[in-house]
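Asker: Take 1186 as the starting number for the sequence shown in my numbering and just add one per residue.
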Amino acid sequence: MPHIRERLASTAPAVGVSNIVTRELIGQCYPETHTRAFGIGASGGSLAFVVIAPLTQFLLDVYGWRGATMLLGSLLSHLVICGALFRTNQKTGKRNGDYELVTGGTSAVDSSQKRHSVLATMKDIFKIDLFTSPKYWLVVFVFVCTTVTNTAWVVYFALNATLSKSFSLADAAAFLTVFGVAKIVGNLLTGLFDSCKAVGTNAWMGLSLFASSACYLVDPILVSYWSIMVYVFIYGCFHSFLYTLMDVIAKESVGLGQLGSALGWIGLKAGLVRALILFFPGLIYDTFGSYTLAFILMAAINALALVGLLVLARLQRRE
């Protein structure tokens, strides 16, 4: 078991960094149609809910843990090729005869000899000035509340269906498959948001937060197979809306130049909060024998994100 923990500890940062970098690249490459680009880009993660689970089980049955791990790892090796092929546009000066004109207001010698203090360098590298922006902290608040509740649903939904509602594991797998299909549909639907100029990003985000909170509240009272199927499909669509729109809101709030740093810092804070409190729904079940209270608390936390979004929208209107 210790070697498994060490491998997970080394793998998680790589997955997190690649996730942040790809999301920043999408924002950089598609500044005008970022909502559509984020939605299409996130559809791959949604497809994983449908494909990866049965594929992993198949690889385990055929090749065992070692072979399955190697094959699944090779599926992510395409990121190396994508990173190697990606090139940014280089801004070069115009040539005048045999000489190249140097762009910028300072000379090349001055720029090469420019010195920064340690604090200034740290500020430039880690974008610490983000911490002085109220809009950044509001985005953090909305993102943390949203990711905590969404992750809790993904972790505990199957347990709730099998333990509290007496569904079989096959039924729970079918529910999650429908959830994955709904996430793909939701990712594709977000592509239409760019075309709908009458409704802004904050309005779509507010609608998604309200709908997902309502889903958490109605979950405990749904006990029939088909009602849960419909509920899971609706929630899956809004689940995709939330994650796609959060990236768009972060881009609009902190700017394109600081998007990567903002997503990194936000992801760090959200990860710490999830590590600290994500066990709580399980503790509630162990104490009361039901997940009802846990889903009510999830709805309340998600509603807090809606309050933070309203404050953020008000700040944006003032500017």
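All C-beta atoms, glycine included, are put in the ideal place defined by N, C-alpha and C. Small disclaimer: the values here were computed from a predicted structure and weren't measured.
How long is the line joining the alpha carbons of residue 1260 and residue 1266, rounded to whole angstroms?
Answerer: Cα to Cα, residue 1260 sits roughly 12 Å from residue 1266.
Asker: Identify which residue in 1257, 1230, 1480 and 1492 has its Cα closest to the Cα of residue 1466.
Answerer: Nearest option by C-alpha distance: 1480.
Asker: What separation, rounded to the nearest whole angstrom, lies between the Cα atoms of residue 1242 and residue 1369?
Answerer: Between residue 1242 and residue 1369, the C-alpha separation is close to 22 Å.
Asker: What are the boundary residues of the alpha helix (DSSP H) that includes residue 1361?
Answerer: Note, residue 1361: alpha helix (DSSP H), 1354-1374.
Asker: Between 1323, 1366, 1244 and 1334, which has its C-alpha nearest residue 1439's C-alpha?
Answerer: Comparing Cα-Cα distances from residue 1439 to each of 1323, 1366, 1244 and 1334, the minimum goes to 1323.
Asker: Could you check what DSSP says for residue 1407 in three-state terms: helix, strand or coil?
Answerer: Coil, per DSSP.
Asker: Any contact between the segment 1479-1499 and the segment 1351-1367? By contact I mean 3 or more CB pairs, one from each, below 8 Å.
Answerer: With a cut-off of 8 Å, the segment 1351-1367 and the segment 1479-1499 do not count as touching, because too few Cβ pairs lie within range.
Asker: Roughly how many angstroms separate the alpha carbons of residue 1233 and residue 1366, rounded to a whole number?
Answerer: The alpha-carbon atoms of residue 1233 and residue 1366 are separated by roughly 10 Å.
Asker: Go to residue 1313, then tell me how far its alpha helix (DSSP H) extends in each direction, as first and last residue.
Answerer: No alpha helix (DSSP H) holds residue 1313; DSSP gives it neither H nor E.
Asker: Which of the three DSSP states, helix, strand or coil, is assigned to residue 1248?
Answerer: Three-state result, residue 1248: helix.
Asker: Does the contact criterion of 3 or more C-beta pairs under 8 Å hold for the segment 1489-1499 versus the segment 1408-1422?
Answerer: Touching, no, given that fewer than three Cβ pairs across the two stretches are closer than 8 Å.
Asker: Using the three-state DSSP reduction, which class does residue 1218 fall into: helix, strand or coil?
Answerer: Residue 1218 falls in the coil class under three-state DSSP.
Asker: Around the C-beta of residue 1406, are 16 or more other C-beta atoms found within 10 angstroms, so that it is buried, or is it exposed?
Answerer: That one is exposed.
Asker: Alpha carbon to alpha carbon, how far is residue 1388 from residue 1503?
Answerer: For residue 1388 and residue 1503, the distance between alpha carbons rounds to 17 Å.
Asker: Please list, in chain order, all residues of the same chain as residue 1327 whose beta carbon is under 6 Å from its beta carbon, the five residues on each side excluded.
Answerer: Within the same chain, residue 1327 has close Cβ partners 1490, 1493 and 1494.
Asker: Closest to residue 1362 by C-alpha separation, out of 1222, 1339 and 1349, would be which residue?
Answerer: Among 1222, 1339 and 1349, the Cα nearest to that of residue 1362 is on 1339.
Asker: If you drop the 5 nearest sequence neighbours on each side, which residues of the same chain put their C-beta closer than 8 Å to that of residue 1401?
Answerer: Once the five neighbours on either side are set aside, the close Cβ partners of residue 1401 are 1334, 1338, 1480, 1481, 1483, 1484 and 1487.
Asker: Are the CB atoms of residue 1421 and residue 1371 nearer to each other than 8 Å?
Answerer: Result yes, Cβ atoms of residue 1421 and residue 1371 sit closer than 8 Å.
Asker: For residue 1145, which residues of its own chain have a beta-carbon under 6 Å away from its beta-carbon, when the five flanking residues on both sides are left out?
Answerer: Residue 1145 is absent from the structure shown; the chain starts at 1186 and stops at 1504.
Asker: Mind checking which residues open and close the alpha helix (DSSP H) that includes residue 1443?
Answerer: Note, residue 1443: premise wrong, no alpha helix (DSSP H); not H, not E.
Asker: Roughly how many angstroms separate the alpha carbons of residue 1321 and residue 1433, rounded to a whole number?
Answerer: Cα to Cα, residue 1321 sits roughly 13 Å from residue 1433.
Asker: Report yes if the C-beta of residue 1345 is less than 7 Å from at least one heavy atom of the ligand NAD; otherwise report no.
Answerer: Summarising the ligand content, the structure contains no ligands, and the ligand NAD is consequently not present.
Asker: Quick one: what's got a C-beta closer than 7 Å to residue 1391's C-beta in the same chain, skipping five residues either side?
Answerer: Around residue 1391: 1491 and 1494.
Asker: If you compare alpha carbons, which of 1447, 1325 and 1404 is closest to residue 1345?
Answerer: If we check each option's Cα against that of residue 1345, 1404 comes out closest.
Asker: Using a 10 Å radius around the Cβ and a threshold of 16 neighbouring Cβ atoms, would you call residue 1375 buried or exposed?
Answerer: The residue in question, residue 1375, is buried, as its Cβ has 16 or more Cβ neighbours within 10 Å.
Asker: DSSP on residue 1243, reduced to helix/strand/coil?
Answerer: Of the three classes helix, strand and coil, the one that applies to residue 1243 here is helix, per DSSP.
Asker: So for residue 1476, helix, strand or coil by DSSP?
Answerer: Coil at residue 1476, not helix or strand.
Asker: Going by DSSP in three states, residue 1426 sits in which element: helix, strand or coil?
Answerer: It is helical.
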